[in-house]
Amino acid sequence: MMRLGAPYFVLLNLFLLFSSGVGSQVRTYAIQRSADEIKIDGELTEPQWEAAEIAADFTENYPQPGISSRYKSKVRMYYDDNALYIAGEMFDPKPDSVSYTLSQRDDWGNADWFAVTLDPYANNINAFCFSVTAAGVEYDALLYTDDSDVSWNAVWRSAAKRQDYGWSFEMKIPFSAVRFPNKKVQEWNVNFIRQVRRDRQKSYWNEVDPEVFGEITQAGKMVGMENVESPIRLSFTPYVTGYIENSFDEVAQKQTWGQRLTGGLDLKYGLNDAFTLDMTLIPDFGQTTSDKQILNLGPFEVRFDENRPFFLEGTDLFSIGGVFYSRRIGAQPFNRQAAEASVNDSIGETVTRSPGLAPLINATKVSGRTSSGLGVGVFNSIENRAFATIADSTGNERSVQVHPFTNYNVFVLSQNLKNNSTVSLVNTNVTREGGNRDANVTVGQTNLFSKDRTYLLNAEVKVSSIFEDQSPTLGHAVSVGLSKVSGVWRYGLSYDELSDTYDPNDLGFLYNNNTRNYYANVRWNDFTPGKYFLRKWISAGIYYEELYKPKLFSYGGFDYQAVGTFKNFLTVGLDGSVNPFGEVDHFESRRFGNEVRFKPNASIGGFYSSDYSKRFALDLRFWYKQFVNSSQKGANFEISPRVRMFERWFLVYSTSWDFITADYGYVRPLESSYEEDIILGFRNRIITENSLRTEFIFTKRMGVDIRVRHYWQQVEYYNFNRLLKGGKLVESDYNPTNADGASEHNTNYNAFTVDVNYRWVFIPGSELRVVYKNNIFNAKNELIPSYFRTFDDLFTQPQLNSVSMKLLVFVDAIYFKSRKQKL
C-alpha cells in the first residue's frame, strides 16, 4: 500500500484557503431565426444581415490588453433549421495594407483572419473554432482549456471578399458539424476574434484577459436559439490509394519496382446529440509525413510524433493521464526477433521477408460529453497476425509468426466540476493472443481550480499491471501539484513518483520509471507594453531527482528563462540550468546498480526571432554546456531564415550543428571475451541537421507542401573504460579496430527524407492527394570528414522511392435525406 505522507495533506489544506474572485462582465448576443437561406459569397447583401444584431466594440488582447481595438469590426449571426450563419465586416483605415496571403487549410499563414469560438454546452472546457482568413482560407479546430486540436476537420462553407473599407466574410456552419444539447432553448458560449497581421493586433468581442487562466473560459453568451434539432450526423469517406514504389530487395540485393492498390473507409456517426462514433476500416497511412529519425545512443527509445490523421483528431479525452501513445498501434511486430532466432544455419536458412509493421485491421473511437458535463471516451483497435518467411538453401520456405492477434482498448470517464475543475478515470488495456504479454493501466486524476481560476490543485494516481507470468507485476505512479496559474506572479510546487515496476509502455510512453522528482518554480509576467517591450516574462525553478528504489541521488539544481518581445515584434530569450552536484545516471550502463557519474555542469542558451509578418524573418538559437574540471562539453547553434517570396510561396530553411566533446556512454562489446564487462566509450560527436520546407499555394483549396530533411551524425571513439561499482572508471584494453586502425564503434549515420504533398480539396470534405516520398537511412563504420562527400555518398545507398495518389470522397447522409424529401 502506498503511503502518501504529509506533503499531500499540506497541499490539500492550502487549497482550502483559496479565496473567491469576481468574474468580469459577460457580453450577450441575441440571435434570430430566418427561414431563408443565403448565398455564401462574402457579400452581406441579404436582408437577414440587416435584421441581425451587430456584435462590435472589440477589446484588444495583444499587444496592449484591455484597450478598445482601433480596428472597427461588425459581426452578425442568424440561424435556420439546418445551420448557423455568421458574417462580418472587417474595417481597416488602410485597406491596401490588409494581408491576403494564401496558405494551406488549417494554417492562418501571414494573413488577416477572423474566428468564432462556439461552446454549445457552456462548460468552459471544450469549444469549436471556425475561422477564415482575408484570402478565404478556412481553419477549424477543437479548443480546450489550455490547448487546441487543429487536426479536427469539419465540413462547412465560407467566403471572403475584398472591400473598399477592408474585407468581409460569410460562414455557414451546419449543425451536423458541432455537438449541442438536446433541449428546446439553447444558450451557447461564444466569442469572436480578429487578428490584423501587420501589427499583430489580436482582439476579442468578449474581453480575454491574458492574466486570467484559459481563453475559452472568458467567452460571451449567445441567446435566442430555440427549437433546433440535432440532425443526422452520418458521413462516409471512402478512399482508394495507388502506389508505385522503388525499394531495395535484401534478397536480390538490388533496387526493384512494385505497385499496389489499397482502399478503405472512414465513417462518422452521431449516436445522439452528444456522442460520435469514428471508425477507420482497413486504414492506409502510406502518405503520412516521414518521421524525424535520429541516431539514438541512449538507453531509452525515441518518441516520434503522431502524423496519422485518425489518431490525431478528437483525442482530447484519450490524452488524459498521459498513458495513451497511439504510435504503439500499427507499429513494429511484437515478436520481431522471432524470425532471426528460429533460423537454422546448418541448412542455410535466411529470413527472406519480414513485415516492418503490424497489420492494422481497424480502429474505432466513441467520444462525447453529456449535458451534465460527463465526458465518455471509448477507443478500440485490432491488429492481425503477421508472419515472416524463412527459406533454406534449396528454396524451401516456412512461416514464423512475429506478431499475435492484438486488441487495444482505452476507456475514459471525465466529469466537469465547478470552476472548470475535472475528475477523471482512464483505463488502457492491451490483450495479445497465445500467452503473450498483456497489460493494463488505470489512472485517477483530478484538476481542482479555485473559484476565480487563480489556483490549481492537481493530483494523479496510476497503477500498471503486466501479465507475463502466473501473477501480475504491479507498479504505481503518483503526482501532485499546487500552482498559481493566473496573474502577474505565478508559481507552483510539484512532486512526481514512479515506482520501479510501473510500466505503461504497451500502449503508453515512458522513458524510464523508478524516480522521484521534486520541482518548484516562480514566473513573473508583464503583459503591459512599456518603453521597449510589448511583453516579457522571467521564470526560475529548482529541481531534485532521485531513484524511487533504492533511494539514491540522480541530479539536482536550478533553471531559469527570460523572454521579451520588443515593440518591433522581435522576440529574444535567455535560458539555462546549473547542476552543482553533478549527475548520476542509473540507466546508461544498461545494468541496474552500476551508475555512470558526470561532473557538475552548467548550461546557457538563447534565441532570437524576428517579426514573422515581414517577407523575411530570421530565427537563431544557441546552447552551450560545460562540465567542471573536465574536457567534456557540448554546443549547439541553429539558424533558420523564413522567406515569403510572394502571397503564394513560402519557404523556411533550417540548419543546426551540435558539437559534443569528450562524451562517454555505454557500448556493446563486439568481442565475446568482454561480454561480462560494462564498457564505456569516450567519443566526440558532430551532429548536422538541414531541413527545408516550402509551400506553394495555387488556390485557397489547392497547394503543394515540400519537406526535405537530412540528419547526419558522426561518432568517433578514442578510448574505452571499464565501469566498476560506485561509478569508478578504469582503463580497459578493449579497443576493436578495423584495417585502417579506426575504432569499429565509429559510426557515420545518415537519415534523408523527402516528402512532397500535393493536396486539392475539390469540394468540402473531398480531396485528391498526390505524394512523393524518398527515404534513405544508412549507418556505417567509415567516418567521412566532409559534409558534401557524405551527402554525395548517401545516394549510393539503398533507398525507398514512392509515388502515391489518394482519392477521398465525402458522402453526407443529410444530402440523401434532403433529396428524398424533395422527390
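Following our numbering, the numbering of the sequence shown begins with 191 at its first residue and continues without gaps. C-beta: ideal position from N, C-alpha, C; glycine also.
When Asn251, Ala273 and Ala367 are compared, the shortest CA-CA separation from Arg223 is found for Ala273. Ser654 and Asp693 do touch by the CB rule: their CB atoms are close to 5 angstroms apart, below 8 angstroms. The criterion of a C-beta distance shorter than 9 angstroms is satisfied by Phe501 and Arg517.
Taking the CA atoms as reference points, Ser800 sits about 5 angstroms from Ala807. Note on Ala241: under 16 other CB atoms within 10 angstroms of its CB, so exposed under the neighbour-count rule. Straight through space, the alpha carbons of Gly448 and Arg725 are spaced by roughly 56 angstroms.
Under the Cβ criterion (8 angstroms, minimum of three pairs), the stretch 904-913 does not count as touching the stretch 981-990. When DSSP states are grouped into helix, strand and coil, Thr407 belongs to the helix group.
Under the 8 angstroms Cβ criterion, the stretch 450-457 counts as touching the stretch 431-438, having at least three qualifying pairs. Residue nearest to Leu647 within the set Thr612, Leu664, Gly665 and Ala667 is Thr612 (criterion: CA-CA distance). Closest in alpha carbon position to Asn880, among Ile221, Asp495, Phe827 and Ala301, is Phe827. Residue pairing by DSSP places Gly671 opposite Asn648 and Ser684 in a beta bridge.
Annotated as distal: Asp309 and Asn343, with beta-carbon spacing of 9 angstroms or more. Where Trp839 is concerned, the enclosing beta strand (DSSP E) starts and stops at Trp839 to Val857. Contact between Trp357 and Val288 holds: their C-beta atoms lie close to 6 angstroms from each other, under 8 angstroms. In this chain, the beta strand (DSSP E) harbouring Glu328 covers Glu328 to Tyr334.
Beta-bridge annotation (DSSP): Gln353 is paired with Gly356. Fewer than three Cβ pairs drawn from the stretch 362-375 and the stretch 625-644 lie within less than 8 angstroms of each other, which leaves the two stretches out of contact.
Of the candidates Ser258, Asp270 and Ala277, the residue whose Cα lies closest to the Cα of Gly232 is Ala277.
Arg266 and Tyr219 have their C-alpha atoms some 9 angstroms from each other. Less than 9 angstroms divides the Cβ of Gly460 from the Cβ of Leu424.
Residue pairing by DSSP places Leu274 opposite Tyr269 and Ile363 in a beta bridge. At a cut-off of 3 residues, the continuous stretches assigned as beta strand (DSSP E) that sit fully inside the stretch 855-922 are 869-889, 892-913 and 919-921. Put simply, the backbone Cα of Asn586 is about 19 angstroms away from that of Val592.
Asn609 sits in a helix when the DSSP states are folded into three classes. Every beta strand (DSSP E) of 3 residues or more that sits fully in the stretch 417-455 is shown, in chain order, as 424-439. A Cβ-Cβ distance of about 6 angstroms is found for the pair Val616 and Val513, placing them in contact under the 8 angstroms criterion. Here Arg858 has no same chain residue with a Cβ atom under 7 angstroms from its own Cβ, once five neighbours each way along the sequence are excluded. A straight-line Cα-Cα distance of about 10 angstroms links Thr540 and Ser532. Nearest to Lys674 by C-alpha distance, out of Phe320, Glu401, Phe967 and Thr636, is Glu401. Gln238 counts as buried, since at least 16 other C-beta atoms from the protein chains shown sit within 10 angstroms of its C-beta. The distance from the Cβ of Asn971 to that of Asn936 is about 5 angstroms, consistent with a contact at the 8 angstroms cut-off.
Leaving aside the five residues that flank Arg897 on each side, the residues in its chain whose CB is nearer than 6 angstroms to its CB run, in chain order, Arg883 and Asp945. Residues of the same chain with a CB within less than 7 angstroms of the CB of Phe494, apart from the 5 flanking positions on each side, are Asp481 and Arg517 in chain order. In the structure shown, the three-state DSSP call for Pro285 is helix. Going by beta carbons, Pro255 and Asp389 fall outside the 9 angstroms limit.
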